[in-house]
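Residue numbers (the working numbering), protein chains in the order written: chain A, 778 to 1027; chain B, 778 to 1027; chain C, 778 to 1027.
Where is the CB? At the ideal position from N, CA and C, for every residue including glycine.
So the structure is just underneath, and the comments pick up after that.
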Amino acid sequence: MTSSFRRILLATDFGDGIYVGQMRARLDELLPGVPVVDLVHDLPPFRADLAAYLLPALVRDMPHGTLYICVVDPGVGGERDGLLVHAQDSWFIGPDNGLFAPLVRSASGAKAARIGWRPQAMSASFHGRDWFVPVAARWSAGADLGLTPVDAADLVGSDWPTELPAVLYVDRFGNLMTGLQAADRPRTGSLLAGARTLPYARTFCEVAPGNGFWYENALGLVEIAINQGPADRALGLSPGDPVGPFLTPD
Amino acid sequence: MTSSFRRILLATDFGDGIYVGQMRARLDELLPGVPVVDLVHDLPPFRADLAAYLLPALVRDMPHGTLYICVVDPGVGGERDGLLVHAQDSWFIGPDNGLFAPLVRSASGAKAARIGWRPQAMSASFHGRDWFVPVAARWSAGADLGLTPVDAADLVGSDWPTELPAVLYVDRFGNLMTGLQAADRPRTGSLLAGARTLPYARTFCEVAPGNGFWYENALGLVEIAINQGPADRALGLSPGDPVGPFLTPD
Amino acid sequence: MTSSFRRILLATDFGDGIYVGQMRARLDELLPGVPVVDLVHDLPPFRADLAAYLLPALVRDMPHGTLYICVVDPGVGGERDGLLVHAQDSWFIGPDNGLFAPLVRSASGAKAARIGWRPQAMSASFHGRDWFVPVAARWSAGADLGLTPVDAADLVGSDWPTELPAVLYVDRFGNLMTGLQAADRPRTGSLLAGARTLPYARTFCEVAPGNGFWYENALGLVEIAINQGPADRALGLSPGDPVGPFLTPD
C-alpha cells in the first residue's frame, strides 16, 4: 500500500463537541492544505458493531482517493490494535474492533494491516487526535508505520454476518437506516418493523403524509420511513433494535 | 446569468448527520479548492414555507459572489422542478417549492430559471448530493444546464404574503426569529406572542434576566427573546406557530 | 504584539445553528484562504464563568500560531470591552467578561489589551460576526485596533479562584469535565460527585461497563465518567453543578 489521498473524511461517534475540533486542528497542523470533510459524527455512541455495517454504504458513492479516519472506539486505551485498510480505492485508519470487518469483506481486493507505530506520548482516551491523526500524517509523508499485514479472517468481526437486520442509524427526520442491502429485495416484499408491516415505495412523495414504508435509500440500504413524520418515534425503534423479517409474497 | 462565484454556502434542514458530509465530499470531488461554508443545517424539517422567509434575512449581510445550495425539500424525487436564481449579486440552487419565492420578490432585478439538466443516474431521495451539487459544478464550468427563464409570478410561492407573522426558527438559546421585518416597526410598539405582550428592547443586556422582549436581530427580523432564558419554552412557541399582532400605541 | 497566525479556531456557545455559518462566511470574505476550524460551539450557554476554565485546557495541546475567536458573551451589546490576548504562542479575541482570566493567569508571559477600534456599523447582538471577525482581519493586515494594554489584575475575573470544583462541560457520551487539574491529584484519591464517591481509573476500558470513576482526560482535567454509560444522567449533574471535595487517603 502506498499513500496518495486527496482528502480526509472523518467518521466518528464524537457528536458536535470538542473532539472533532481538536482532531481538525491537529490535522491542520500536521497536514496543512489537505481538505478535511466531516462525513459523520453522530454515529450511535460506542456501537462499532452498527457503524461497521453503515460504513461500506456511506463510502459507496464517495470519491476515490480518500483517507478515512474512523473512530467508534469504546476500547480506546486498551489492548485493541489500530488498522490501516485499503478498500474501494481509498484508505481507512481506525481501531480493530469490527468497525472495518464488513467493509473488508464486501470490497474485492481489500487489504488490512496492523499499525505498529505509536507516538511517544499520547492520552489514554483520545487516540483519534493523538494516534490516528499522526498516523495519517506519517502515512502521507511515507514514514514508517510498522505495518503488519493481517488476513481478513483475523480481523475482529470477521465472523459477523453479511447483513445486519437491525437499525444502524437514525437521521434527523427520524428515518431508520437498516443493515439490509436494498438491491436484492423484491419491491413486492414488505418489512416487519416495530409492530407494523411496511410496504415498499420508491420515495417519500409517493406515499401520503403519515404513512410508513421501506425504500432503497441513497446509500443502497433498506430504510424505514414515514412521509414527513418521525419513523423512529412512531415505531418505537432505536439504533441496535432488530427489524424484520423481510416478507416476500408467494 | 454567468457564473463567477467565490464560495459556496449550504443551507439545509439536514441536521448534523451524514447528508451534509456526503454533499461536501462530492463538492470536494467536483469543485476542489472552492471554499464551502455550512451556513445553516438545522432549518425546521420539511418547512420550506418557513425557510423561505428566513433566507433573504440570512443572506442580507453575507458576502456577494456566493453560490448557495439550499435544500428544504419534502417533495424530493417527485415532480417539483429545480431552480437557479440570481439575486443580491449571488446565485441560489434548490427546489421550486416556495423556498426562493420571498427572496426573488424582495430582491430587485432577481432572475430565476428552471434547470433542465439532470444527471444520468441519481437517487430518488438525495438530490442535494446527486443533482444540485453536480449542477453547481456544471454551472462553475460553464456547461449546459438546460436553463429556462421563469417569471417570478410563476414560481411556487409567488402568491405567498410579503411577511409571515410566525416563528421561522429557534436558535440554541431559545430565541424565536419571526417572519416580520424589524426596520419598519416603531420601537414603541409591542408584540403579542404566546400569552404575553412583549415590549421592545435594543438588545439582551437592556432587560433584566428572565424578562421577555422583542428586538431587531442581526438579520433584520423581529426576534422574540428572554434575557438569559429560553423564550421558546417560556412562551410555548415552536417553528410555524403564529405570532402577533404587532400593537402600535395610538 | 504582532500577528502571524496560521489558522483560526472558533470557540463559542452558539450551537450548530446560523451564527457559526455567518461568522465563517464573513471570515471567508475578509480572510480568504486562512484555515478555520470549529473547535467547539456547544459550550454551556451564557456561562463565560465555566468556559473560562475549560479554555486553557482546550488550548493546551493545540498547535501554536493560532488565532482563537471566543464568544460566550451574555453581555453583548452592553458596556463590556473586547480583548486581544497573547498567551501560549497564540492569540485570542473575545469579550472581557472573565472568559480569558484563567488563561492569562495560567500562561507565563501572557499579555492582554483592550480593543478600541469598532466598525462603523454593527448589530447589537452579534459581535462575533460584526466586531470580532473584522478585528481578526485588521489584526492580520496590521491595521490599527486602538489597543490599550491592560494588566492581568484589571481583567474581569482576575479575582476568580485558580481551579473551579464544578462541572464545566458535558460531552456527547455524558462524561463530565471539571475545573480541577488532574496532574496534581494522587491516583489513590477519590472524588465526591452527585451522591457517589468515585475512585480513579486510567481510562474507560479499565472499569466494568456501568461503573463510575474519575480520570485524567485528554485535556489534563479531572473528568467524571461511567464506562459506556452517561455519567451526567446517572449522577444528576449538569454544567455549573459543584463537585468534590477530592478525598485523599491518610
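State the CB to CB distance for the pair Ala849(C) and Leu820(C), rounded to an integer number of angstroms; the pair is presumed to be in contact (CB under 8 Å).
In the third sequence, residue 849(C) corresponds to position 72, counting from 1. In the third sequence, residue 820(C) corresponds to position 43, counting from 1. Just to set this straight, residue 849(C) is Val in the shown sequence, not Ala. Indeed they touch by this definition, with Cβ atoms about 5 Å apart.
Exposed or buried, which one is Glu993(A) when buried takes at least 16 other CB atoms within 10 Å?
As a first step, residue 993(A) must be located in the first sequence, where it is residue number 216. With 16 or more other Cβ atoms within 10 Å, it is buried.
Of the residues Ala913(B), Thr939(B) and Gly919(B), the one placed nearest Val881(B), counting alpha carbons only:
Position 104 of the second sequence, counting from 1, holds the residue named residue 881(B). The residue with the shortest Cα to Cα distance from Val881(B) is Thr939(B).
Could one say the Cβ of Ala901(A) lies closer than 8 Å to chain C's Cβ atoms, at least one of them?
As a first step, residue 901(A) is located in the first sequence; it is residue number 124 there, counting from the start. Yes, because at least one Cβ of chain C sits closer than 8 Å to the Cβ of Ala901(A).
Within its chain, find whatever has a CB closer than 7 Å to the CB of Leu981(A); leave out the 5 residues flanking it on each side and keep chain order.
Position 204 of the first sequence, counted from the first residue, corresponds to residue 981(A). Here residue 981(A) is Phe; the residue named in the question, Leu, does not match the sequence. Excluding five sequence positions before and after Phe981(A), the CB atoms of its chain that fall closer than 7 Å to its own CB belong to Ala1002 and Asn1004, given in chain order.
Along the segment 807-820 of chain A, where does the CB come closer than 8 Å to a CB of chain B? Name the residues.
Per Cβ criterion, the list reads Pro812, Val814, Asp815, Leu816, Val817, His818 and Asp819.
Would you mind reading off the limits of the alpha helix (DSSP H) that contains Asp815(C)?
Along the third sequence, read from residue 1 onward, the residue named residue 815(C) stands at position 38. Asp815(C): not part of any alpha helix (DSSP H); member of the beta strand (DSSP E) spanning Val813 to Val817, first to last residue.
Given a cut-off of 8 Å, decide if Gly989(B) and Ala977(B) are closer than it, judged by their beta-carbon atoms.
As a position in the second sequence, residue 977(B) is number 200, starting the count at 1. As a position in the second sequence, residue 989(B) is number 212, starting the count at 1. Strictly speaking, residue 977(B) in this sequence is Tyr, with Ala absent from that position. Between Tyr977(B) and Gly989(B), the C-beta gap is not smaller than 8 Å, which leaves the two residues out of contact.
For chain C, is any of its Cβ atoms less than 8 Å away from the one on Gln1005(B)?
If you number the second sequence from 1, residue 1005(B) lands on position 228. Chain C contact via Cβ: present.
By the criterion of Cβ-Cβ separation under 9 Å, what are the contact partners of Thr789(A) in chain B?
The residue labelled residue 789(A) in the question sits at position 12 within the first sequence. Those within 9 Å of Thr789(A) in chain B number zero; the least Cβ separation is about 11 Å.
Enclosing beta strand (DSSP E) for Arg891(B) [first to last residue]:
Along the second sequence, read from residue 1 onward, the residue named residue 891(B) stands at position 114. Element bounds for Arg891(B): Lys888 to Ile892.
Compare the C-alpha of Ile870(A) against each of Gly842(A), Val912(A), Gly852(A) and Asp948(A) and name the closest.
Reading the first sequence from its first residue, position 93 is the one you call residue 870(A). It is Val912(A).
Quick one: which chain E residues come within Cβ less than 7 Å of Pro822(A)?
Here chain E cannot be found, since the structure's protein chains are A, B and C.
Short of 9 Å Cβ to Cβ, which residues in the segment 841-869 of chain B face chain A?
Flagged, chain order: Pro851, Gly852, Val853, Gly854, Gly855, Glu856 and Arg857.
Gln1005(C) bridges to which residues according to DSSP?
Position 228 of the third sequence, counting from 1, holds the residue named residue 1005(C). Paired residue(s): none; Gln1005(C) is not in a bridge.
Helix, strand or coil for Ser935(A), going by three-state DSSP, please let me know.
Numbered from 1 along the first sequence, position 158 holds the residue referred to as residue 935(A). Coil at Ser935(A), not helix or strand.
How should Gln865(A) be labelled, buried or exposed, when 16 other C-beta atoms within 10 angstroms of its C-beta is the threshold for buried?
Counting from one through the first sequence, the residue named residue 865(A) turns up at place 88. Classification of Gln865(A): buried, given that the 10 Å Cβ count is 16 or more.
Using alpha carbons as the reference points, say which of Leu953(B), Leu787(B), Ala825(B) and Leu807(B) lies closest to Ile1000(B).
Locating residue 1000(B) in the second sequence gives position 223, where the first residue counts as 1. First, the amino acid is wrong: residue 1000(B) is Glu here, not Ile. Considering only alpha carbons, the answer is Leu953(B).
Expressed to the nearest angstrom, what Euclidean distance is found between the alpha-carbon atoms of Arg824(C) and Leu831(C)?
By 1-based counting over the third sequence, the position of residue 824(C) is 47. By 1-based counting over the third sequence, the position of residue 831(C) is 54. Arg824(C) and Leu831(C) have their C-alpha atoms spaced approximately 11 Å apart.
Give me whichever residues DSSP pairs with Gln958(C) in a beta bridge.
Here residue 958(C) refers to the residue found at position 181 when the third sequence is read from its first residue. Leu998(C).
Could you confirm whether any beta carbon from chain B is found closer than 8 Å to the beta carbon of Arg915(C)?
Taking the third sequence and counting its residues from 1, one reaches residue 915(C) at position 138. Not an interface residue.
Among residues of its own chain, excluding the 5 on either side of Pro822(B), which ones have a beta-carbon nearer than 6 Å to its beta-carbon?
Against the second sequence, residue 822(B) aligns to sequence position 45. Excluding residues within five positions, the ones whose Cβ falls inside 6 Å are Asp790.
With distances taken Cα to Cα, identify the nearest neighbour of Gly725(A) among Ala889(A), Pro1022(A), Ala898(A) and Asp928(A).
No answer is possible for residue 725(A): the residues shown for chain A start at 778 and end at 1027.
Sub-8 Å separation of Ala970(C) and Leu1014(C) beta-carbons:
As a first step, residue 970(C) must be located in the third sequence, where it is residue number 193. As a first step, residue 1014(C) must be located in the third sequence, where it is residue number 237. With respect to Leu1014(C), Ala970(C) sits close: the two C-beta atoms are nearer than 8 Å.
Would you decide whether Gly923(B) is buried or exposed? Buried here means 16 or more other CB atoms lie within 10 Å of its CB.
Position 146 of the second sequence, counted from the first residue, corresponds to residue 923(B). Gly923(B) is exposed by the Cβ-count criterion.
Identify the contact partners of Arg906(C) in chain B, using a Cβ-Cβ distance below 9 Å as the criterion.
Within the third sequence, the letter at position 129 stands for residue 906(C). By Cβ distance, chain B contributes Asp838 and Ala995.
Where does Glu993(B) fall in DSSP's three states?
On the second sequence, position 216 is the one that residue 993(B) refers to. If DSSP states are grouped into helix, strand and coil, Glu993(B) belongs with the strands.
Alpha carbon to alpha carbon, how far is Val813(C) from Gln799(B)? Give it in angstroms, no decimals.
Along the second sequence, one-based indexing puts residue 799(B) at 22. Along the third sequence, one-based indexing puts residue 813(C) at 36. Approximately 20 Å between the Cα atoms of the pair.
Less than 8 Å between C-beta atoms, sequence neighbours within five positions excluded: which residues of the same chain meet that for Ile785(A)?
By one-based count along the first sequence, residue 785(A) stands at place 8. Closer than 8 Å at Cβ, skipping near neighbours: Leu804, Leu808, Val811, Pro812, Val813, Val814, Thr843, Leu844, Tyr845, Ile846 and Ala913.
If you follow the beta strand (DSSP E) that Pro926(B) is in, where does it begin and where does it stop?
For the purposes of this step, residue 926(B) is identified with residue 149 of the second sequence, where counting begins at 1. Here the beta strand (DSSP E) through Pro926(B) covers Leu924 to Val927.
I'd like the span of the beta strand (DSSP E) that includes Ser902(A), first residue to last.
In the first sequence, residue 902(A) corresponds to position 125, counting from 1. Element bounds for Ser902(A): n/a, residue is neither H nor E.
So Pro879(C) and Pro833(C) are in contact, right, with Cβ under 8 Å, and what is the actual spacing, rounded?
To locate residue 879(C), count along the third sequence from 1; it is residue 102. To locate residue 833(C), count along the third sequence from 1; it is residue 56. About 6 Å separates the beta carbons of Pro879(C) and Pro833(C), which is inside the 8 Å limit, making them a contact pair.
How far does the beta strand (DSSP E) with Pro942(B) in it extend, from its first residue to its last?
Counting from one through the second sequence, the residue named residue 942(B) turns up at place 165. Where Pro942(B) is concerned, the enclosing beta strand (DSSP E) stretches over Leu941 to Val947.
Integer-rounded CB distance, given that Val927(A) should sit under 8 Å from Ala889(A)
Position 112 of the first sequence, counting from 1, holds the residue named residue 889(A). Position 150 of the first sequence, counting from 1, holds the residue named residue 927(A). Confirmed, about 5 Å.
Considering Cα atoms alone, identify which of Gly855(B), Ser917(B) and Ser902(B) is closest to Ser780(B).
Taking the first residue of the second sequence as position 1, residue 780(B) is located at position 3. Measuring C-alpha to C-alpha distances from Ser780(B) to each of Gly855(B), Ser917(B) and Ser902(B) identifies Ser917(B) as the nearest.
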